[in-house]
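547 is the number that numbering that gives the first Met the number 0 gives to position 548 of the sequence shown; each next residue is one higher, with no gaps.
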Amino acid sequence: MSKKRISIITKSIFYAMLFFHFLLITDNCFSQGVAINVTGVAADNSAVLDLQSDTSTSTTSQGLLIPRMRTAKRPASPAEGLLIYNITTKCFEAFMNGVWQTISCGCSGSPSSVSASASTTSICLGSTLTLTGSAIGATSWWWTGPNYFVSPLQNPSITNITSAGAGVYTLTASNACGTATAVNTALINVNPILTASVLITVNPTGAICPGVSVTYTAAPTNGGTPTYKWKKGTEYITGETNSIFTCSTLANGDIITCEMTSNESCVTGSPVSSNGLTTLLNPLPNAPTATNATGVGSTRITANWGTVTDATSYQLDVSTINNFTSFVGTYNALNVGTALTYNLTGLTAGNTYYYRVRAVNSCGSGANSNTITTTTMNIALNLVSYWKLDESNGNAIDAVGSNTLTNTNVTYGTGKIINGAIADAATDILSIPDNTSLSITGALSMSMWVNFAALPPSPGTYSIFQQKYNNGQRSYQCLLANNDGTQDLNFTISVDAAGTYTPYIIYHWDTGLSTGTWYHLTFVYVPSTSMKIYLNGSEVASNTTNIISAIYDGTQSFGLLSQGVGGTNKIIDEFGIWNRALTAAEITTLYNSGAGLQYPF
């Protein structure tokens, strides 16, 4: 019975296996992979298990359900690569490298904490704008903005942005559970590109004087709140960082510029240099060159100096001290105009004086010239009488003593200096009776100006002056005589009452003498030494032979002009008589380059 049962069981197993083999053949189950699908398509030989999706639209497809477990139920050390779905975290996980690692998590709701921001809210034209999005649980992004801007990137960039890119940029974040839009948005301003520049002006303009304070002002364009650096030439000026720069030590040709650094956004060209302003310095004039004094008299001198380019006037200093610690009268920076000479008057005879000059222009006075030293003469020393002959009528007043000359038929007219005495006839005389002061027996000098309206005929004589005329008692005299056509200027002195002219001196004035011309004549006698005649400041005749030791002192009158001797037609002016010998320098001074010099010299 038991054998029969075993046989039946064995047969049943055999038939069952045979049936299963048949099923495997019919279902391709003997292939390398197992296919699970609804189409009957064979499995992919490269896969152990081929799960194919259902592409039909008439039935519902099925998926693969992998092991599910909570976090607490996960094996601590499962096989490497074990896949599960964690129902606690709602995430697919795999055991890798000894730990459970999340592969993917499903959403539990729409994205949250969505935020949109930009790299800057104020951007320059042509720059790159970067947008930044963030959200919790987002799997996709969508940006929208001005100028038709859209982007699916979380952090897109816009290069070379234009002004059309200004406005609001909005971010929408999405996941499988829904979408969310950022509460905040990115508001963008696109600013134009600005060009920085700076212009400087100066006050005062034009040429300036040395030491004048000059103010430079910088006017920025697109500078914002700028910073400044000032330069003179190529060098920065220490400490000058404001928009205004003031300086009083500039030199001619200095170039001032300003460097401006802008803090404005979207600015180009910063830092930028301004225009350059060149300093035009109107310098003080150069020092003049003072030259020797001329016309040196007893109480006056003529100061002289050379011209200075661009001088508008000159200042003159005069002192009796060579370092000019004090000054003579008003001669302290005296403005003498543009003249190159100046007559100094009111000086003291025989004193040493110093003078210097400065040139002046619109900027002030320049440096002092060299110093000239000169000593006034004492021309008035031993001056007995001096007749200016400036009267219009009447007697001739002695400007030095009391020897007023009585007028007999003499008239007055234009002289060398102001007026002079005119003799029209042989009886025209200016005279004074015998006078002790005029009874000179020792050294003698006489100076005068003479103008002949006509010259003596041949033969003929014109008297210029005589002492002790009449009765042959002539102590000294001067005549212009025509001897055989030659005009001779005679200066004689007498040795006795008979009027013996020993010695005498003659100047043959045969050239250069003409009518209507003023001549300066000086006659000098030095006892026992010499007699000399000076014409226009220069010695023209001299005698050193048989010179007597004293002039005869007669008892007759002193007279000027005709005095009953010879013709007329002459004018005499500025007649002086000394009881000493004038020096050549003094005589030159009295001539004064033809201008003459009137007492008090």
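For every residue, glycine included, the Cβ atom is placed at its ideal position computed from N, Cα and C. Computed from a predicted structure; not experimentally measured.
Sub-8 Å separation of residue i and residue j beta-carbons
i	j	result
V266	L193	yes
G164	I187	yes
S273	A217	yes
I576	N450	no
G365	N281	no
M530	I504	yes
D389	N418	yes
C257	V213	no
L333	I300	no
P455	L479	yes
V197	I160	no
S121	S261	no
I492	S474	yes
T171	T178	yes
S139	S107	no
A379	F600	yes
T319	G305	no
CA-to-CA distance, residue j to residue i, given in whole angstroms
i	j	result
S438	H507	28 Å
N367	N291	16 Å
A615	F94	No statement about residue 615 is possible, as the shown extent of the chain runs from 0 to 600 and does not include it.
Q609	A584	No statement about residue 609 is possible, as the shown extent of the chain runs from 0 to 600 and does not include it.
N27	S45	Low local confidence applies: a pLDDT of 49 at N27 is under 50, so the model's placement there is unreliable, and no value is given.
A137	K230	59 Å
Y468	G553	Model confidence at Y468 stands at a pLDDT of 49, short of 50, so the residue's coordinates are unreliable; what they give is reported in the following sentence. Distance between the alpha carbons of Y468 and G553 is about 9 Å.
N394	E573	15 Å
T410	C208	60 Å
A420	V317	37 Å
L559	N408	12 Å
A250	N369	26 Å
T184	V167	6 Å
S162	E234	41 Å
W98	P110	This sequence places Val at residue 98; Trp is not what is there. Going from the Cα of V98 to the Cα of P110 covers about 28 Å.
Y227	T200	15 Å
F323	Y461	53 Å
T373	T543	32 Å
P270	G252	25 Å
G105	S76	25 Å
Y84	S103	10 Å
T180	M259	46 Å
S112	E92	26 Å
A424	A453	12 Å
Y147	A71	51 Å
D509	T485	6 Å
P151	I135	17 Å
N481	S436	32 Å
G412	I396	16 Å
V182	L82	39 Å
Bridge partners - residue i, DSSP secondary structure assignment
i	result
E662	The structure shown has nothing for residue 662, since the chain only spans 0 to 600.
C90	N85, C104
D316	R355
M68	N85
S196	T220
I428	T407, L560
I243	T216
K569	A422, F451
Q476	Q465, T491
A115	G132
Supposed close pair residue i, residue j - CB separation, criterion 8 Å
i	j	result
N360	T311	5 Å
I586	Y518	Going by Cβ atoms, the distance from I586 to Y518 rounds to 13 Å, so no, they are not a contact pair.
N568	G294	The pair is not a contact, with the Cβ atoms about 31 Å apart (cut-off 8 Å).
K387	Q555	25 Å between Cβ atoms; not a contact.
T405	S384	Contact doesn't hold; Cβ gap of about 14 Å is too wide.
A302	Y341	5 Å
A117	G132	About 10 Å; that fails the 8 Å criterion.
I254	T277	5 Å
L279	G205	7 Å
N202	S297	With a Cβ gap of about 56 Å, N202 and S297 do not count as contacting.
L676	N578	Residue 676 is absent from the structure shown; the chain starts at 0 and stops at 600.
I86	R73	Not quite, the Cβ-Cβ distance comes to about 11 Å (not below 8 Å), so this is no contact.
P155	L130	5 Å
Chain D within 8 Å of residue i, Cβ atoms only
i	result
G511	This model lacks chain D altogether, as it is built from one protein chain only.
Runs of beta strand (DSSP E) lying entirely within the stretch 122-187, each at least 3 residues, in chain order: 128-135, 139-144, 148-150, 166-174, 177-180
Beta strand (DSSP E) runs contained entirely in the stretch 482-565, provided each spans 3 or more residues: 485-493, 500-507, 517-525, 529-534, 537-542, 557-560
Length at least 4, wholly inside the stretch 442-470: the alpha helix (DSSP H) runs in chain order: none
Within the stretch 337-397, ranges of the beta strand (DSSP E) (whole runs, at least 3 residues): Correct list: 340-343, 351-360, 363-367, 371-374, 382-386.
Continuous alpha helix (DSSP H) assignments of at least 4 residues falling wholly in the stretch 253-293: none
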